[in-house]
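These protein sequence lines map, in sequence, to chains A and B.
For the first sequence, this note's numbering gives the first residue as 226, with consecutive numbering after it.
For the second sequence, this note's numbering gives the first residue as 43, with consecutive numbering after it.
Glycine included, C-beta positions come from ideal geometry on N, C-alpha and C.
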Amino acid sequence: MSDTDYSLAELCIAAGAECFRDEGEVMITVIGLVPRIAGSIAKASFNPGLMMTDGEYFLVSEPVPVGPRDGYEPKKEGIMNYERVFDIVSRGQRHCFVGPVQIDRFGQMNISVIGDYAAPKASLLGARGYPGNSINNRNSMFVPSHTTRAFVEGEVDMVCSAGYNPERYPDGKVGKYVDLRRIVTNLCVMDFGGKDNAIRVISLHPGVSFEEVQDNTGFELERIDGLAETTAPTAEQLALIAKFDPHNQRATVFRGNPPGRRAS
Amino acid sequence: MSTLDKTASLAELAGEVRNGMTLGIAGWGARRKPMAFIRELLKTDVKDLTVVSYGGADVGMLASAGKIRKLIFAFVSLDAIPLEAHFRRARQAGEFEVMELDEGMFQDGLKAAAKRLPFMPTRAGIGTDIVRLSPQLKYIQSPYEDGETLIAMPALNLDLAVAHVNEADRQGNSWIAGPDPFFDEWFCRAAERSFLTAERIVETSAFDDPAKTVRMPIERSLVERVAEARFGAHPSSCSPDYGFDLAHLKAYSDATGEAWAGYRGEFVDGVDLDSYVEKVGGPDAISCLPMPVF
Chain A
226 MSDTDYSLAE LCIAAGAECF RDEGEVMITV IGLVPRIAGS IAKASFNPGL
276 MMTDGEYFLV SEPVPVGPRD GYEPKKEGIM NYERVFDIVS RGQRHCFVGP
326 VQIDRFGQMN ISVIGDYAAP KASLLGARGY PGNSINNRNS MFVPSHTTRA
376 FVEGEVDMVC SAGYNPERYP DGKVGKYVDL RRIVTNLCVM DFGGKDNAIR
426 VISLHPGVSF EEVQDNTGFE LERIDGLAET TAPTAEQLAL IAKFDPHNQR
476 ATVFRGNPPG RRAS
Chain B
43 MSTLDKTASL AELAGEVRNG MTLGIAGWGA RRKPMAFIRE LLKTDVKDLT
93 VVSYGGADVG MLASAGKIRK LIFAFVSLDA IPLEAHFRRA RQAGEFEVME
143 LDEGMFQDGL KAAAKRLPFM PTRAGIGTDI VRLSPQLKYI QSPYEDGETL
193 IAMPALNLDL AVAHVNEADR QGNSWIAGPD PFFDEWFCRA AERSFLTAER
243 IVETSAFDDP AKTVRMPIER SLVERVAEAR FGAHPSSCSP DYGFDLAHLK
293 AYSDATGEAW AGYRGEFVDG VDLDSYVEKV GGPDAISCLP MPVF
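Structure, rendered in structure tokens:
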């Protein structure tokens with residue numbers, strides 16, 4: 226297999242798995258296809274201590290493949306009803322990998338409404354568990370379309386999740402358990418390691434320039450010294466990705482299923 | 043010997059709802075919602091409800107029927123169809139007030155009411171617009187050395203809670219067969235009065251089974267009325283009896299705005315539960331609806 230033989234979706238999945246490399250024995254909540262497969266390969270390779278569910282009620286001892294099960298039975302190791310989920314959230318033993326609609330420079334996320342709150346232009350899901358997850362747990366994000374509509378200028382339309390804006394806090398200090406980790410997009414990988422937790426680019430997907438990322442972001446980005454390419458998925462990772470996505474649903478994440486390494 | 047018989051019809055349950063009540067609806071999203079009760083409520087002229095729900099089509103239908111004055115929620119979703127079309131339409135039109143909460147603090151509000159406390163302290167909501175948009179949410183400072191500022195999530199005191207269970211007896215004992223009881227117990231504890239609808243009304247002896255008793259979170263003293271409603275959660279799921287009806291949920295989702303009258307006419311107005319079950323495919327078809335796979 227040549228090192229160019231992987232898709233952009235597979236690159237994002239492998240980069241997403243890295244969100245969980247340094248986690249201990251925590252529950253990961255992986256919303257959406259790329260986070261779900263990313264968590265699955267992390268658990269199946271370098272971090273078997275991660276706890277996952279079948280996407281429904283049960284903790285499982287091995288990740289459940291996405292899509293139709295074709296006779297596969299999830300291997301249960303416990304129950305994870307919603308009340309228990311909230312107990313885990315309060316204790317801080319969870320890492321959520323989620324797909325917000327908007328993110329701002331403070332890492333604040335929005336999935337509730339676009340536009341005016343009283344009569345919004347678009348009503349979405351509601352804040353769901355974002356407020357509690359963000360004030361208590363680690364969070365990472367996947368954004369399939371890196372644009373200024375997703376990475377907004379100013380603050381997001383409704384701040385559903387707590388971030389690194391001290392002015393949002395009653396005592397002027399960012400919450401002690403707020404811990405935003407990584408953002409994986411179709412262009413790059415970012416973290417919150419800049420000045421005062423500013424968002425910075427830590428790797429660029431092959432063929433993407435920092436300028437292209439900056440042009441598609443509504444606020445100023447930092448970059449790490451020696452900014453390099455996002456690490457390509459290994460052959461072992463590609464095999465695991467195929468195992469946990471047997472129906473190749475990952476081919477539908479990006480229009481046209483582009484390669485991970487852009488044609489030059 | 044006197045007997046305790048709490049059984050009633052769906053229409054009798056709906057007839058107990060008054061204008062302006064705070065109504066808690068148990069279940070979660072598109073799962074185990076007391077939908078037969080909701081359709082019965084749609085037939086009444088009750089209005090101005092404050093609805094408290096982890097919302098699905100229950101909220102959507104009440105919204106399209108114009109019965110909601112205020113919605114207390116963390117989300118409204120049909121799970122497999124993430125955005126609830128009826129809720130969206132009404133929310134975008136600003137048809138009702140909202141109190142938007144975090145899913146966990148919503149639970150804390152129910153638990154505060156259940157314990158007859160004014161509030162429960164929580165961190166959820168700090169640093170977000172949740173606090174700015176709901177002025178009734180107040181900060182509280184820990185009286186201990188840490189001095190941490192928290193949110194005092196106010197008790198969600200309900201006038202009435204309604205839950206759908208797999209089995210109940212005439213006295214209000216009940217069994218939730220699915221693996222997740224959601225927050226049904228806490229809705230009932232937070233409420234002045236609670237009604238159950240049940241797939242089956244059974245003899246009390248049906249519960250003389252230790253494997254069943256661990257899934258009986260609602261003690262009968264919480265329950266005022268019980269109505270049998272076979273397939274009463276449809277189109278939401280009632281694990282393990284049936285999964286949600288995705289085709290019906292899609293048709294329902296398409297029936298917003300002017301199309302709502304058509305949906306109502308076909309599935310709600312003048313339609314009793316037996317006719318409804320036939321219209322949506324009959325008992326065998328509902329029983330075969332697969333459990334969702336995510």
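{"Check": "The segment 131-151 of chain B touching the segment 341-348 of chain A, judged by at least three CB pairs closer than 8 angstroms", "Outcome": "yes"}
{"Check": "Touching by the beta-carbon criterion (3+ pairs, under 8 angstroms), the segment 164-171 of chain B and the segment 378-385 of chain A", "Outcome": "yes"}
{"Check": "Backbone CA spacing between C244 of chain A and R406 of chain A [nearest angstrom]", "Outcome": "7 angstroms"}
{"Check": "Chain B contacts from the segment 341-370 of chain A (Cβ-Cβ distance under 8 angstroms)", "Outcome": "Y342, A343, A344, P345, K346, A347, S348, L349, L350, G351, A352, R353, G354, Y355, P356, G357, S359, I360 and N361"}
{"Check": "Ranges of the alpha helix (DSSP H) found wholly within the segment 154-217 of chain B, counting only runs of at least 4", "Outcome": "171-175"}
{"Check": "C-alpha distance - A476 of chain A paired with R158 of chain B, whole-angstrom precision", "Outcome": "53 angstroms"}
{"Check": "Exposure label - N473 of chain A; buried when at least 16 CB within 10 Å", "Outcome": "exposed"}
{"Check": "Coil, strand or helix - P273 of chain A by DSSP", "Outcome": "coil"}
{"Check": "Inter-residue CB distance, M366 of chain A and V323 of chain A (contact presumed, cutoff 8 angstroms)", "Outcome": "6 angstroms"}
{"Check": "Simplified DSSP assignment, three categories, for M147 of chain B", "Outcome": "helix"}
{"Check": "Whether E139 of chain B touches K109 of chain B by CB criterion (8 angstroms)", "Outcome": "no"}
{"Check": "Proximity of L284 of chain A and E248 of chain A at Cβ, strictly below 8 angstroms", "Outcome": "no"}
{"Check": "Where the beta strand (DSSP E) containing K112 of chain B begins and where it ends", "Outcome": "I110 to F115"}
{"Check": "Pair within 8 angstroms by beta-carbon distance, L200 of chain B and P163 of chain B", "Outcome": "no"}
{"Check": "Short Cβ contact (8 angstroms threshold) for D341 of chain A with G379 of chain A", "Outcome": "no"}
{"Check": "With 16 other Cβ atoms within 10 Å as the buried cut-off, status of D296 of chain B", "Outcome": "exposed"}
{"Check": "Bridge partner(s) assigned by DSSP for G97 of chain B", "Outcome": "B:V118"}
{"Check": "Within chain B, partners of M383 of chain A - CB distance below 7 angstroms", "Outcome": "D171"}
{"Check": "Given P223 of chain B as reference, the closest of B:G214, B:N215, B:F237 and B:V207 once Cα atoms are compared", "Outcome": "B:V207"}
{"Check": "9 angstroms Cβ cut-off: residues of chain B touching R294 of chain A", "Outcome": "V335"}
{"Check": "Range of the contiguous beta strand (DSSP E) that encloses I253 of chain A", "Outcome": "M252 to V255"}
{"Check": "Chain B contact for I328 of chain A (CB, 8 angstroms cutoff)", "Outcome": "no"}
{"Check": "Nearest-angstrom Cα separation, counted from S51 of chain B out to H290 of chain B", "Outcome": "25 angstroms"}
{"Check": "8 angstroms Cβ cutoff, V265 of chain B in contact with chain A", "Outcome": "no"}
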